[in-house]
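*Asks:* Pasting a structure here, questions to come.
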Amino acid sequence: MKYNIIVGSLIAGLIACNGAGTPQEQNNSKPMNFGEDVSFLQKHLQNVVVLQRNGDSSGLVVTGDYQARVMTSTTGGSQGKSYGWINYDLIASGKLVPHINAFGGEERFWLGPEGGQYALYFPPGKPFNFDNWQTPALIDTVHFAVKSQSDTEITYQQAGTLQNYKGTVFNIDINRTIRLLDNNTVAARLGFTLPPGLKQVAYETENTVINKGDSAWQEENGLLSIWLLGMFKPSDQTAIIAPFKGITNARQHITDDYFGKIPAKDLLVKDSMLLFRADGKSRGKLGLAPQVAKAGAGSVDLENNTITVLLYEIVPQGRYVNSKWEIQKEPFKGDAVNCYNDGPLADGSQMGPFYEVESSSDARALKPGESLTYRQVTMHFEGDHHALQTLAQQLWQLPLEEVQHFLSNK
4 MKYNIIVGSL
14 IAGLIACNGA
24 GTPQEQNNSK
34 PMNFGEDVSF
44 LQKHLQNVVV
54 LQRNGDSSGL
64 VVTGDYQARV
74 MTSTTGGSQG
84 KSYGWINYDL
94 IASGKLVPHI
104 NAFGGEERFW
114 LGPEGGQYAL
124 YFPPGKPFNF
134 DNWQTPALID
144 TVHFAVKSQS
154 DTEITYQQAG
164 TLQNYKGTVF
174 NIDINRTIRL
184 LDNNTVAARL
194 GFTLPPGLKQ
204 VAYETENTVI
214 NKGDSAWQEE
224 NGLLSIWLLG
234 MFKPSDQTAI
244 IAPFKGITNA
254 RQHITDDYFG
264 KIPAKDLLVK
274 DSMLLFRADG
284 KSRGKLGLAP
294 QVAKAGAGSV
304 DLENNTITVL
314 LYEIVPQGRY
324 VNSKWEIQKE
334 PFKGDAVNCY
344 NDGPLADGSQ
354 MGPFYEVESS
364 SDARALKPGE
374 SLTYRQVTMH
384 FEGDHHALQT
394 LAQQLWQLPL
404 EEVQHFLSNK
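The opening position of the sequence shown corresponds to residue 4 in this note's numbering, with each subsequent residue numbered one higher.
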């Protein structure tokens with residue numbers, strides 16, 4: 004089915020990145036397919052665009068109302084699986100809430116750092132606690148305008164001003180392009196021929212931040228990074244896969260205790276790959292520093308016969324912002340890749356369930372008029388066991404039996 008393109012005049016990361024907040028209770032008793040999700044978004048938002056190629060069942064839906072956010076995608080047309088986690092209750096309410104509006108979506112545009120002496124999410128001089136935490140409106144509630152559009156590509160633009168914890172003011176211009184990729188481009192990006200028997204959807208986002216101020220950004224006053232966060236639907240048979248460089252001290256560059264140590268049953272760290280349970284039942288977060296992080300983090304869902312993989316850019320010696328809620332000794336020794344499994348908070352409430360795979364750009368001291376561009380490709384594949392087995396071997400040299408064995412360890 005070809006959807007009409009509609010153009011008119013609108014954390015998930017809070018739980019994923021910090022673990023505070025007032026979750027919206029959600030009814031997930033009946034998973035929605037892609038067509039139902041599109042209809043829901045069209046009902047509640049004014050700026051909903053579906054990107055889809057003629058004769059192709061793959062597609063995605065994006066909205067400028069939520070900062071050019073990719074809300075969800077599919078390999079199978081209107082009746083196909085819908086991959087993105089969506090906060091139906093919050094969207095349907097039509098209300099905005101304090102601290103963060105966690106609308107969901109499988110790729111959203113954010114900026115870092117979150118905490119620390121150069122934080123964007125805390126006012127100058129205030130303690131690093133939830134009462135003072137606020138997602139900047141520019142990446143939470145501001146509408147992004149369409150600059151150009153076709154059936155398979157759309158570009159949004161928005162200008163704004165941010166102030167960090169130190170008081171530094173950033174005047175910036177944001178440009179974000181989302182493009183649906185064809186099968187040949189997908190194979191070229193992966194570097195191998197895809198096995199037969201797979202359905203797929205893939206899209207690339209190209210994200211640019213321009214220094215529109217009169218002075219150069221300086222490390223001692225704080226820098227910005229581009230931060231892309233994806234929220235996906237969990238299952239008891241889903242594992243996040245994150246490859247890393249198998250160097251001698253690799254484990255020192257992997258953090259797995261953001262919300263307390265992740266239990267051994269939920270995390271398997273091998274020589275150059277980790278498996279992290281993504282069932283949405285036990286809250287945990289891990290991070291990989293740029294010294295060891297590799298492109299290609301994603302997930303295997305054995306219940307729904309799908310594989311997700313993300314391709315992104317890593318600068319091994321780059322400055323990566325640290326988002327911890329504290330004054331930091333090393334504010335530019337942060338993560339390049341993060342993974343999160345949602346779960347209940349101490350009071351039993353929960354925003355999801357969902358799981359996240361996130362990536363960040365390095366931070367750069369831009370002169371007036373200079374720009375930082377960061378790209379990410381998100382791919383979903385659906386098929387039979389044999390096709391997925393072949394793909395998992397091509398991507399990660401990972402037998403699906405090993406994933407099954409890990410997930411069975413409870």
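Ideal Cβ placement from N, Cα and C applies to all residues, glycine included.
In its own chain, which residues sit with a C-beta less than 8 Å from the C-beta of residue 156, not counting the 5 before and 5 after it?
*Replies:* 54, 180, 181, 182 and 183
*Asks:* For residue 259, which residues of its own chain have a beta-carbon under 7 Å away from its beta-carbon, when the five flanking residues on both sides are left out?
*Replies:* 265, 270 and 289
*Asks:* In angstroms, rounded to a whole number, what distance separates the CA positions of residue 83 and residue 202?
*Replies:* 10 Å
*Asks:* According to DSSP, is residue 335 part of a helix, a strand, or is it coil?
*Replies:* In the displayed model, residue 335 falls within coil according to three-state DSSP, outside both helix and strand.
*Asks:* Here's a check: name, in chain order, each residue in its chain whose Cβ is nearer than 6 Å to the Cβ of residue 324, leaving out the five neighbours to either side.
*Replies:* 115, 116, 228, 337 and 366
*Asks:* Would you mind stating whether residue 176 and residue 152 have Cβ atoms separated by less than 9 Å?
*Replies:* no
*Asks:* Excluding the five sequence neighbours on either side, which residues of its own chain have a C-beta within less than 6 Å of the C-beta of residue 304, listed in chain order?
*Replies:* 238 and 241
*Asks:* How should residue 346 be labelled, buried or exposed, when 16 other C-beta atoms within 10 angstroms of its C-beta is the threshold for buried?
*Replies:* buried
*Asks:* In whole angstroms, what is the alpha-carbon distance linking residue 66 and residue 106?
*Replies:* 11 Å
*Asks:* Excluding sequence positions up to five away, which residues of its chain have a Cβ less than 7 Å from the Cβ of residue 409?
*Replies:* 242, 271 and 278
*Asks:* Pick from 407, 395 and 401: whose alpha carbon is nearest that of residue 198?
*Replies:* The option with the nearest alpha carbon to residue 198 is 395.
*Asks:* Determine the direct distance from the alpha carbon of residue 75 to that of residue 85, and round the result to whole angstroms.
*Replies:* 6 Å
*Asks:* May I ask which residues mark the beginning and end of the beta strand (DSSP E) holding residue 287?
*Replies:* Residue 287 -> beta strand (DSSP E) spans 287-291.
*Asks:* Among 400, 364, 412 and 329, whose alpha-carbon lies nearest the alpha-carbon of residue 231?
*Replies:* Of all alpha-carbon atoms in 400, 364, 412 and 329, the one lying nearest the alpha-carbon of residue 231 is that of 364.
*Asks:* Report the option in 310, 386, 38 and 59 whose CA atom is closest to the CA atom of residue 236.
*Replies:* Closest by alpha carbon: 310.
*Asks:* By a C-beta neighbour count over all protein chains shown, 10 Å radius and 16 as the cutoff for buried, is residue 226 buried or exposed?
*Replies:* buried
*Asks:* Express the C-alpha separation of residue 172 and residue 298 in angstroms, rounding to a whole number.
*Replies:* Looking at the two C-alpha atoms, the distance is approximately 32 Å.
*Asks:* Straight-line CA distance for residue 378 to residue 233?
*Replies:* 14 Å
*Asks:* Report all residues from its chain with a CB closer than 6 Å to the CB of residue 147; omit the five preceding and five following residues, and keep chain order.
*Replies:* 67, 70, 71, 159 and 161
*Asks:* Would you list, in sequence order, the uninterrupted beta strand (DSSP E) runs of no fewer than 3 residues that lie entirely inside the region 161-244?
*Replies:* 172-183, 201-214 and 228-235
*Asks:* Is it right to say residue 402 is buried, meaning 16 or more other beta carbons lie within 10 angstroms of its own, or is it exposed?
*Replies:* exposed
*Asks:* Going by DSSP, what residue range makes up the alpha helix (DSSP H) through residue 404?
*Replies:* 403-411 is the span of the alpha helix (DSSP H), which, as asked, contains residue 404.
*Asks:* Can you tell me whether residue 111 is helix, strand or coil according to DSSP?
*Replies:* strand
*Asks:* Report back the beta-carbon spacing between residue 91 and residue 122 to the nearest angstrom; my notes put them in contact at under 8 Å.
*Replies:* Not really, about 31 Å apart at Cβ, beyond 8 Å.
*Asks:* My parser needs the alpha helix (DSSP H) runs of 4 or more residues fully inside the region 307-358; what are they?
*Replies:* none
*Asks:* In angstroms, rounded to a whole number, what distance separates the CA positions of residue 221 and residue 371?
*Replies:* 12 Å
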